[in-house]
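I have placed the structure first, in the form of C-alpha cells, so that the comments after it can refer back to it.
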Amino acid sequence: NANRVRSPNENFAREVMELFTLGVGNYTEVDIKEAARAFTGWHVRNDEFWFNRLQHDTGTKKVFGESGNFDGDDVLRLCLKQEACPRFLAVRLLKEFVMPAPDEATVTAVARSIRAHDFQMTPVLREVLGSQLFFSSAARHSLIKSPVQFVLGTYRALDVRPNLKTTAQIIAALGQDLFQPPTVKGWEGGRLWITSATLLQRANFASSLTTSETYGSISAPLASVEQLAELLLARDADLASAASFFAKASGSRDDRARGALQLLLTMPEFQLT
Numbered sequence: 147n148a149n150r151v152r153s154p155n156e157n158f159a160r161e162v163m164e165l166f167t168l169g170v171g172n173y174t175e176v177d178i179k180e181a182a183r184a185f186t187g188w189h190v191r192n193d194e195f196w197f198n199r200l201q202h203d204t205g206t207k208k209v210f211g212e213s214g215n216f217d218g219d220d221v222l223r224l225c226l227k228q229e230a231c232p233r234f235l236a237v238r239l240l241k242e243f244v245m246p247a248p249d250e251a252t253v254t255a256v257a258r259s260i261r262a263h264d265f266q267m268t269p270v271l272r273e274v275l276g277s278q279l280f281f282s283s284a285a286r287h288s289l290i291k292s293p294v295q296f297v298l299g300t301y302r303a304l305d306v307r308p309n310l311k312t313t314a315q316i317i318a319a320l321g322q323d324l325f326q327p328p329t330v331k332g333w334e335g336g337r338l339w340i341t342s343a344t345l346l347q348r349a350n351f352a353s354s355l356t357t358s359e360t361y362g363s364i365s366a367p368l369a370s371v372e373q374l375a376e377l378l379l380a381r382d383a384d385l386a387s388a389a390s391f392f393a394k395a396s397g398s399r400d401d402r403a404r405g406a407l408q409l410l411l412t413m414p415e416f417q418l419t
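Numbering (my numbering), first residue to last: 147 to 419.
Laid out in C-alpha cells, this is it:
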C-alpha cells in the first residue's frame, strides 16, 4: 500500500523479478524502478487485492527495453517474455522434484517445455515426473526430505491417525513452520533442512511416534524388519542394526517391531527422497 504514484516503492517489483520469475542478474535497476511505477496502485484492502486508480502512475515506462503506459499486468507479461524466466522456473522445479543440482542440458530441456506449454505447469510436470531422468540413479534418493515430507510421509507409510496440533508443532520444530516462512522467498531447503538440532528432533519424533501417541497412532501392521524397510525405504540399505534389535530385544513382538521401526526412521536413507 506504500507504492504510490508520487513515491514508488520498489520492494514488490524487485521480489517479483529476483525471487519468482527471473533471478539475480537478469534485470537492471532501471527495470526495477520503472516496474515499480507500473505497480503503483496495486494495494490491498480488507485482505483482498485492490487497484487504487488514484495512486497509479499513468506515464510511459521503459521495462526490458520496451516502452509503454504499462501497468502491473504488463510488467508480469514482460517478465514471462524474457528468456531467463522459463530457465529460472525450470531450475526451481527440478530442484524441488528431481535433483539438487540439475545440469545445463536438463535445465534447457525443461525450460523449452515450459515455453512450449505457455507456462501451464501440469503438462510440464507430467513430462518431468514421467521422464527417464526422474527414475534415474542420479535422481533417486538425491533430495533431503523437508519436515513436511518427513513427517507426513511417515504418517502415510504407516497409516497414522495424526494429532494435528502436535504434528504442526513438530514440523515447526524441524524448521518448517507452516504458513510462516522466514522470508517472502520461502524456505531454502536442501541441506539446510539438516542441522545437529533438527537431526536430533527427527530422531525424537521417531521415538515418540513409535512409543507413544503424542503425534498419533500407527494403524499399519508392524511386520518384519525387511517388510518395514521395503515400506519405508524402497532401496537397498544396511538393515543389520534394525534386524539385530528385532532379534535380540526383549518384550513382545510388537514392542520389538516398534524399536526396529524407530531405528529405520532415523536412518540416513529415510531422510532422503
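Cβ atoms here follow ideal geometry from the backbone N, Cα and C, with glycine treated the same way. Model, not experiment: these values are computed from the prediction.
Which residues DSSP lists as bridging residue i, in chain order
i    : result
H189 : W196
S153 : R150
K207 : G214
L168 : DSSP, once it has assigned bridges, lists no residue as partnering L168.
L418 : I290
Enclosing beta strand (DSSP E) for residue i [first to last residue]
i    : result
I317 : No beta strand (DSSP E) contains I317, which is instead part of the alpha helix (DSSP H) from 310-319.
I212 : In the sequence as presented, Ile is not what sits at residue 212; that position holds Glu. Looking at the DSSP string, the run of the beta strand (DSSP E) that includes E212 is 212-214.
S396 : Counting along the chain, S396 falls outside any beta strand (DSSP E), and DSSP gives it neither H nor E.
Contact under 8 Å by Cβ, residue i with residue j
i    : j    : result
G362 : R307 : yes
V237 : L279 : no
V151 : A184 : no
L451 : T252 : In the structure displayed, the chain extends from 147 to 419; residue 451 sits before or after that span and is not available.
L378 : F325 : no
A182 : N215 : no
F265 : T167 : no
S213 : T204 : no
Segment limits, alpha helix (DSSP H) that includes residue i
i    : result
K146 : Nothing can be reported for residue 146: it is not among the residues displayed for the chain, which extend from 147 to 419.
G405 : 399-412
P232 : 230-243
Does the contact criterion of 3 or more C-beta pairs under 8 Å hold for the stretch 258-272 versus the stretch 289-303?
No: fewer than three Cβ pairs fall under 8 Å.
If you pair each beta-carbon of the stretch 404-415 with each one of the stretch 344-359, do three or more pairs fall below 8 Å?
yes
Any contact of the stretch 161-175 with the stretch 220-235, i.e. 3+ C-beta pairs under 8 Å?
Flag = yes, the stretch 161-175 and the stretch 220-235 touch.
The stretch 285-294 touching the stretch 329-340, judged by at least three CB pairs closer than 8 Å
yes
Taking 8 Å as the threshold, find out whether the stretch 337-346 comes into contact with the stretch 374-383 through three or more Cβ pairs.
no
With three or more C-beta pairs closer than 8 Å as the rule, is the stretch 192-207 touching the stretch 156-163?
no
In chain order, which beta strand (DSSP E) runs of at least 3 residues are fully inside the stretch 304-375?
The qualifying runs are 306-308, 362-364.
Taking the runs of the beta strand (DSSP E) that are 3 residues or longer, which of them lie wholly in the stretch 251-297?
none
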